[in-house]
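A short worksheet on the structure shown next.
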Amino acid sequence: MNTFSDRLREARVLRGYTQQALARVAGLSQSAIASYESGRRHSSRASRRLARALRVQRDWLETGQGPREIDMPPELQEPGPPRAALHPRDQFILDRLVNAYISACLEWPPEQAAMKKPAGEGGL
17 MNTFSDRLRE
27 ARVLRGYTQQ
37 ALARVAGLSQ
47 SAIASYESGR
57 RHSSRASRRL
67 ARALRVQRDW
77 LETGQGPREI
87 DMPPELQEPG
97 PPRAALHPRD
107 QFILDRLVNA
117 YISACLEWPP
127 EQAAMKKPAG
137 EGGL
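If you want this note's numbering, it's the 1-based position in the sequence shown plus 16.
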């Protein structure tokens, strides 16, 4: 990868972000991301935010020098775009799903009395 623009696009695609999703995660506008990727603009302050959002080394993003990846233990690595990249409606749905799952786990196992059949039912 020769330019900042190329490296930015590579890292964004590698992480599965659209320009809009990366903009949300990095706290920038989609038009700024498009300008950086086209080579029309460059900002060292933005490159810091972009490197953090993309989980890449800032030096690699700015200069192409050094390793791309930040050394992180596997348990701290995210498998895909974080929650912040989701549309607000999807964040709401995700929150409800997670809360329902947690509630179900806390209530498991169901009370044994509720699972017993009333006398006279189900016998042979």
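Think of the CB as a built atom: it goes at the ideal place given N, C-alpha and C, for glycine as much as any other residue.
Between A69 and L24, the CB-CB gap reaches or exceeds 8 Å.
Runs of alpha helix (DSSP H) with 4 or more residues, each lying fully within the stretch 26-56, are found at 35-42, 46-54, listed in chain order.
A residue is called buried when at least 16 other Cβ atoms come within 10 angstroms of its Cβ; L44 meets this threshold and is buried.
A check of alpha carbon separations from R31 across A67, R57, A50, Q46 identifies A67 as the nearest.
Taking the Cα of R28 as reference, the smallest distance to any Cα among A101, D111, L122, L113 is reached at A101. Under DSSP, the beta-bridge partners assigned to E85 are V72.
Where L110 is concerned, the enclosing alpha helix (DSSP H) starts and stops at 104-123.
Excluding sequence positions up to five before and after A50, its CB lies within less than 8 Å of the CB of Q35, all in the same chain and listed in chain order. In this structure, the straight-line span from the alpha carbon of S119 to that of T79 is close to 48 Å. Less than 8 Å divides the Cβ of V72 from the Cβ of E85.
R74 and S63 do touch by the CB rule: their CB atoms are close to 6 Å apart, below 8 Å. Non-local C-beta neighbours of A42 in its own chain, meaning closer than 6 Å and more than five positions away in sequence, comprise R65, L66, A69, ordered along the chain.
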